[in-house]
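Quick note on this note's numbering: the sequence shown kicks off at 478 and runs consecutively.
Yeah, the Cβ is synthetic: ideal placement off N, Cα and C, and Gly gets one too.
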Amino acid sequence: MAIHSVPGRDSAWATLGTEVSRHGDALQAMRAAGLTGWNIRKAAQSGMDVSPLGATVVDNPDQVMLVRTDPRTGRTRYLSSVGKGYGVTQNEDQAAVLDTLVAESGAPGLAHVGWMDDGRRTFATMKLPETMRIGGIDRVELYLAVFDSHDGSAAFRVCAVPFRVACANQLGLAVASAVSSVEIRHTSRSRIDVAEIRAKLGLIHRYADAFDATANRLLATDLTTSRFREIVETVWPVDDRTAPPRARANADRRRNTLLRLWTDAPTQAGIRGTNWAGLQAVTEYLDHFAPAASPTVRAHRALTSGTVARRKQHAFDLLAA
478 MAIHSVPGRD SAWATLGTEV SRHGDALQAM RAAGLTGWNI RKAAQSGMDV
528 SPLGATVVDN PDQVMLVRTD PRTGRTRYLS SVGKGYGVTQ NEDQAAVLDT
578 LVAESGAPGL AHVGWMDDGR RTFATMKLPE TMRIGGIDRV ELYLAVFDSH
628 DGSAAFRVCA VPFRVACANQ LGLAVASAVS SVEIRHTSRS RIDVAEIRAK
678 LGLIHRYADA FDATANRLLA TDLTTSRFRE IVETVWPVDD RTAPPRARAN
728 ADRRRNTLLR LWTDAPTQAG IRGTNWAGLQ AVTEYLDHFA PAASPTVRAH
778 RALTSGTVAR RKQHAFDLLA A
């Protein structure tokens, strides 16, 4: 049976970022996406204390503010508070790394570039030439996603993300004994080391082989509806005897949606009744059906939420065991 794709469904990258595949290099792509000219810099941090003796300005000796220039208005915008030793990097500093990754990975160029949280986090993606055909029928593309932060919350990170085309599911999953990401911490001497990342690219490519093998094993393993329900209850544990009414109602809606995806979604055609289908139902729910105030909020959650990532990983680990 053929696998049916969902027309018009975007990835989280496409929802939050700018499509830049027409641009020749990383700097041009970042300029088109509005990530250049930020002039990220440190500013002294202080606060005002009001006491019976009057108002006193108190300097913070341990931290500074990171601020940036909004290239659209020229105004200064706040990014975050960080330690004085934080290593400031400009978005443009990524250009050489991104161009190297494109050249050495065989990607035709960058796919999407964007930012989140008013510039505190940035990302870029590129589609690798490897395309997996799980069971010979289910197309999974492999992307490199590059993340950076300007708030001290995360390292500069390059990671491999399988992407199931039929349902636009992002499958950023850890596979045992396979390296899927490379990180560089921000410090006062921090530099984005192209050579280090280049050396690790081979490990990331081996991750694709490990993922492909595991996915094919999941597709070859039957999964009953009762076992799928058990997976759902394990990933989202709710005690119906003690949970408040609202939590029980939310759990019922979630179970019903997940069961519908498992039994009836066109994206399950051709893989239905397998562990691979169970994983896709959980991931499709998290990426496209979990309640959210807007598509932008849902996309942001897909890229940044530790809870979403942990639930995907939990389902994968249960099914791959």
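Residue i - partner residues in DSSP beta bridges
| i | result |
| --- | --- |
| A789 | The sequence shown places Lys at residue 789, not Ala. Per DSSP, none; premise fails for K789. |
| Y620 | K604 and V638 |
| D615 | I611 |
| D526 | T533 |
| V659 | V635 |
| W592 | T599 |
| M542 | A520 and S558 |
| L587 | M603 |
| D625 | T599 |
| Q647 | F640 |
Integer Cβ distance of residue i from residue j, believed to fall under 8 Å
| i | j | result |
| --- | --- | --- |
| Y563 | G629 | 6 Å |
| T492 | P743 | With a Cβ gap of about 21 Å, T492 and P743 do not count as contacting. |
| A740 | V590 | Ala is not the amino acid found at residue 740; the sequence shown has Thr there. Rounded, the Cβ-Cβ distance is 38 Å, inconsistent with contact. |
| E660 | R634 | 5 Å |
| L780 | V759 | Wrong, their Cβ atoms sit about 17 Å apart, outside the cutoff. |
| M603 | A584 | 4 Å |
| A797 | T691 | 6 Å |
| A685 | E607 | 5 Å |
| L696 | G596 | Contact flag wrong, Cβ pair sits at about 41 Å. |
| M609 | L621 | Not quite, the Cβ-Cβ distance comes to about 15 Å (not below 8 Å), so this is no contact. |
| Q757 | R641 | 6 Å |
Of the residues the options, the one placed nearest residue i, counting alpha carbons only
| i | options | result |
| --- | --- | --- |
| R616 | A637, G596 and A645 | A645 |
| G524 | P538, L738 and A601 | P538 |
| D699 | V535, W753 and A653 | W753 |
| Q540 | A697, A521, G583 and A724 | A521 |
| A704 | T751, A786 and P768 | Per the sequence shown, residue 704 should be read as Arg rather than Ala. Here the closest residue by C-alpha is T751. |
| Q647 | Q571, F688 and E761 | E761 |
| D502 | R545, L735, S782 and V579 | V579 |
| L512 | E569, G531, V483 and M542 | E569 |
| S558 | A767, L621, S626 and S488 | S626 |
| G586 | A506, Q757, F640 and P548 | A506 |
| A653 | A767, A687 and G531 | A687 |
| G755 | R694, A632 and A776 | R694 |
| L543 | D536, V565 and S528 | V565 |
| L504 | W713, T577, R706 and G747 | T577 |
| T546 | I748, L530, G531 and K519 | K519 |
| D536 | G551, P529, K561 and R486 | K561 |
| V712 | R787, L605, A720 and R552 | R787 |
| G485 | R598, G551, L575 and A643 | A643 |
| G783 | N733, A588, A631 and R552 | A631 |
| P768 | L678, N727, V483 and I674 | N727 |
| R706 | E581, R731 and H777 | R731 |
Cut-off 7 Å between Cβ atoms - residues of its own chain near residue i, not counting five sequence neighbours on either side
| i | result |
| --- | --- |
| L650 | K789, Q790 and F793 |
| V534 | S523 and M525 |
| V774 | none |
Own chain residues within Cβ distance below 8 Å of residue i, not counting five before or after
| i | result |
| --- | --- |
| Q567 | W515, N516 and I517 |
Own chain residues within Cβ distance below 6 Å of residue i, not counting five before or after
| i | result |
| --- | --- |
| F624 | F600 and R634 |
| H500 | A506 and A509 |
| D689 | M609 |
Chain C within 7 Å of residue i, Cβ atoms only
| i | result |
| --- | --- |
| K789 | Looking for chain C here will not work: only one protein chain is present. |
Residue i classed as buried or exposed, judged by whether at least 16 other C-beta atoms fall within 10 angstroms
| i | result |
| --- | --- |
| D729 | exposed |
| D764 | buried |
| S799 | Outside the modelled stretch of the chain, which goes from 478 to 798, sits residue 799, for which no answer is possible. |
| R549 | exposed |
| P639 | buried |
| V709 | buried |
| R749 | buried |
| L738 | buried |
| R598 | buried |
| V527 | exposed |
| L575 | buried |
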